[in-house]
Amino acid sequence: MYPYGATLQLLPMAFCFRWAARQPGMMRTQWRVLGAHFAMMSLSLWAPSLMLWVHWPTVQKSSWCVSGFAATASMCCLLCFSVFSGSSTRSKRLLDAAMTLILCGLNFSTAFSPGPTGFSRYHLQVSMITAVFLLCAAESSRRSVTQDGHRLFAEVTEIYLITRVVMLFLVNIVNAVWLATPRELPFDLFCGIPPLCFALLTLRLLLWGPRRKTVSRPSALWANLLPSMILLATVTFALHGLVSHPILYSLTILLSVACFVLRTHLLYQQMFREQRELLVRTGQLEKLATRDMLTGIGNRRSLELMAFELLETGSPIPSALLLIDTDRFKWVNDTFGHLAGDELLKAIAEEVQEQVGEIEGACCARIGGDEFAALLPHVPLHAAREIAEKIRKRIGEFQLEGEGSHCTVSIGVAAASGRVSLTGLLELADAALYRAKGHGRNAVEVALEDAATSTQAPATHAQRRFRTKA
-2 MYPYGATLQL LPMAFCFRWA ARQPGMMRTQ WRVLGAHFAM MSLSLWAPSL MLWVHWPTVQ
58 KSSWCVSGFA ATASMCCLLC FSVFSGSSTR SKRLLDAAMT LILCGLNFST AFSPGPTGFS
118 RYHLQVSMIT AVFLLCAAES SRRSVTQDGH RLFAEVTEIY LITRVVMLFL VNIVNAVWLA
178 TPRELPFDLF CGIPPLCFAL LTLRLLLWGP RRKTVSRPSA LWANLLPSMI LLATVTFALH
238 GLVSHPILYS LTILLSVACF VLRTHLLYQQ MFREQRELLV RTGQLEKLAT RDMLTGIGNR
298 RSLELMAFEL LETGSPIPSA LLLIDTDRFK WVNDTFGHLA GDELLKAIAE EVQEQVGEIE
358 GACCARIGGD EFAALLPHVP LHAAREIAEK IRKRIGEFQL EGEGSHCTVS IGVAAASGRV
418 SLTGLLELAD AALYRAKGHG RNAVEVALED AATSTQAPAT HAQRRFRTKA
């Protein structure tokens, strides 16, 4: 039976080393260490035959060799998801090192089982426990890594470990429940299935390359299934393992579960920390997307978002829009320089923000080079005109250096009630602003109709202002 399983272990080993040659940096080492895992598994199956070949046929020495190779194989597999995973922290590596020592000690403890049958059964139980913990490590690694190469490695290795866990679980159930002590179902009959599955997956990678989604399964299902598998495996092996090795078995299970719980806690702690950092960065990006970098007030996008919530929901309470344009701003730039123009825009934005800031839900934004808009929710038209006049007078007090002249603005005011779009409201305010420009600038004009009943053709005033821009 041994040549069958040992030979199939060499197949995925060769594919691992072949695929590792195509990987960069740490991922190359990760695949090579996994190839060493399959090599150790093959040696553990060849160990009894090798003992006979070197005339070292004692059961105790053969058990020591099998346990040693199995422990080394487990250590190699765990190292793949710890040191070489690309997202492991120092705390997780220390816990993985502790779990490695515990699992290695558990594998070596199987050599103390009395007789070949006792060793074989206890070795299968320990192999099952080891495979379950390695599967959990692979699952946590798959959820924590961000690089596609490391995630692909975790997904493919998970399939191998799942197959191994299922095979070991079935063999242990049959041996513990249906077969008497002198007899046992040899795992050699099924030990070639897990490496064969892994070899087929790796062969597909070598021939066709990785797909976008290697493993398709519901993540929520596995998130609930893996803890159940740990509990089920522990209860199953307690039926037989606690009878022969009560103290050693109980201590090993407790230590292994403690290490895994701490590792999972650190993993989720890291995930929550990354989520908090992501929320902070998202808030910063949202602020950058809705703020004007020069003046610090909102931009056109922030005005559109505010208008969508206020105007297009159909509020019966009227709202007003102020459209503010700086008079002769090109002359200011040409005369005093662009830095002076930027300072003037900042001062205008600060003044507009100060005047409308006391209104609940008000939004002011810079929507063009020298144009500003202020959306005033639940403010009637006459009150909006008073606010516009106040803004015009305060900005008119700004004195430009060197010429003794003052800065002036023209303001168009429009109101809306009911369901209306920002485009329609802007069109009316733009028409009023155009009249203010035509009356000599430094003036406030009110739209002649409500935005909800306006029949003004779109972009008429905008096109006309583009031709006669002051």
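In the numbering used here, the protein residues as written are -2 to 467. All C-beta atoms in this analysis are idealised placements derived from N, C-alpha and C, irrespective of residue type, glycine included. Only a predicted model underlies this, so the values are computations on that prediction, with no experimental measurement involved.
If you draw a straight line from the alpha carbon of residue i to that of residue j, how long is it in whole angstroms?
| i | j | result |
| --- | --- | --- |
| Thr97 | Met72 | 6 Å |
| Cys13 | Gly32 | 5 Å |
| Ala385 | Ser407 | 9 Å |
| Leu158 | Arg139 | 13 Å |
| Asn330 | Pro315 | 38 Å |
| Met303 | Lys327 | 30 Å |
| Met125 | Cys62 | 19 Å |
| Leu203 | Ala44 | 31 Å |
| Gln20 | Leu276 | 33 Å |
| Leu430 | Asp322 | 8 Å |
| Phe305 | Gln396 | 37 Å |
| Ala94 | Gly280 | 38 Å |
| Leu307 | Ala359 | 10 Å |
| Leu197 | Leu282 | 44 Å |
| Trp16 | Ile156 | 17 Å |
| Val171 | Val129 | 18 Å |
| Asp339 | Met290 | 11 Å |
| His120 | Ser60 | 9 Å |
| Leu425 | Arg148 | 56 Å |
| Ala151 | Leu285 | 37 Å |
| Ser468 | Glu271 | One cannot answer for residue 468 here, as it falls past the ends of the chain, which runs -2 to 467. |
| Trp28 | Thr287 | 46 Å |
| Gln267 | Ser137 | 12 Å |
| Cys133 | Leu100 | 14 Å |
| Pro377 | Lys343 | 28 Å |
| His375 | Ala317 | 8 Å |
| Gly22 | Arg298 | 44 Å |
Apply the 10 Å Cβ neighbour rule to residue i and answer buried if 16 or more other Cβ atoms are within range, or exposed otherwise.
| i | result |
| --- | --- |
| Lys434 | buried |
| Arg273 | exposed |
| Tyr265 | exposed |
| Ala448 | With a pLDDT of only 48 at Ala448, under the threshold of 50, the placement of this residue in the model should not be trusted, and no figure is reported. |
| Arg278 | exposed |
| Thr127 | buried |
| His34 | buried |
| Gly189 | buried |
| Pro113 | Note on Pro113: pLDDT 47, under 50, position unreliable in the model; no value is reported. |
| Phe269 | exposed |
| Met476 | The chain is shown from -2 up to 467; residue 476 falls before or after that span and cannot be answered. |
| Ala440 | buried |
| Gly409 | buried |
| Met10 | buried |
| Gln144 | exposed |
| Leu336 | exposed |
| Trp205 | exposed |
| His436 | exposed |
| Thr292 | buried |
| Leu300 | buried |
| Ala18 | exposed |
| Arg363 | buried |
| Thr69 | buried |
| Leu167 | exposed |
Just verifying my parser: in three-state terms, what is the DSSP assignment at residue i?
| i | result |
| --- | --- |
| Asp322 | strand |
| Cys188 | coil |
| Phe395 | coil |
| Gly60 | Here residue 60 turns out to be Ser, not Gly, going by the sequence shown. In this structure, Ser60 counts as helix in the three-state DSSP scheme. |
| Ala17 | helix |
| Ile408 | strand |
| Arg25 | helix |
| Gly32 | helix |
| Gly358 | coil |
| Val376 | coil |
| Asn221 | Note that Asn221 has pLDDT 49, beneath the 50 cutoff, so the model's placement of it is unreliable and no number is given. |
| His436 | coil |
| Ser124 | helix |
| Phe78 | coil |
Could you round the C-beta distance between residue i and residue j to whole angstroms and report it? I think they count as a contact, below 8 Å.
| i | j | result |
| --- | --- | --- |
| Ile345 | Ile392 | 6 Å |
| Asp324 | Arg432 | The Cβ separation is near 14 Å, so there is no contact. |
| Val443 | Arg382 | 6 Å |
| Ala135 | Phe66 | The Cβ separation is near 21 Å, so there is no contact. |
| Ala371 | Leu319 | 4 Å |
| Phe195 | Val153 | 7 Å |
| Leu445 | Cys404 | With 8 Å as the limit, Leu445 and Cys404 do not qualify as a contact, their Cβ atoms being about 28 Å apart. |
| Val30 | Leu91 | Not really, about 19 Å apart at Cβ, beyond 8 Å. |
| Cys361 | Gly421 | Actually they do not touch by this definition, with Cβ atoms about 20 Å apart. |
| Leu165 | Cys74 | Incorrect: roughly 14 Å between the Cβ atoms, too far for contact. |
**OP:** Could you say if the stretch 410 to 418 and the stretch 347 to 355 meet the contact criterion of at least three C-beta pairs nearer than 8 Å?
**Re:** no
**OP:** Answer yes if the stretch 1 to 8 comes into contact with the stretch 38 to 45, meaning at least three C-beta pairs across the two stretches below 8 Å, and no otherwise.
**Re:** yes
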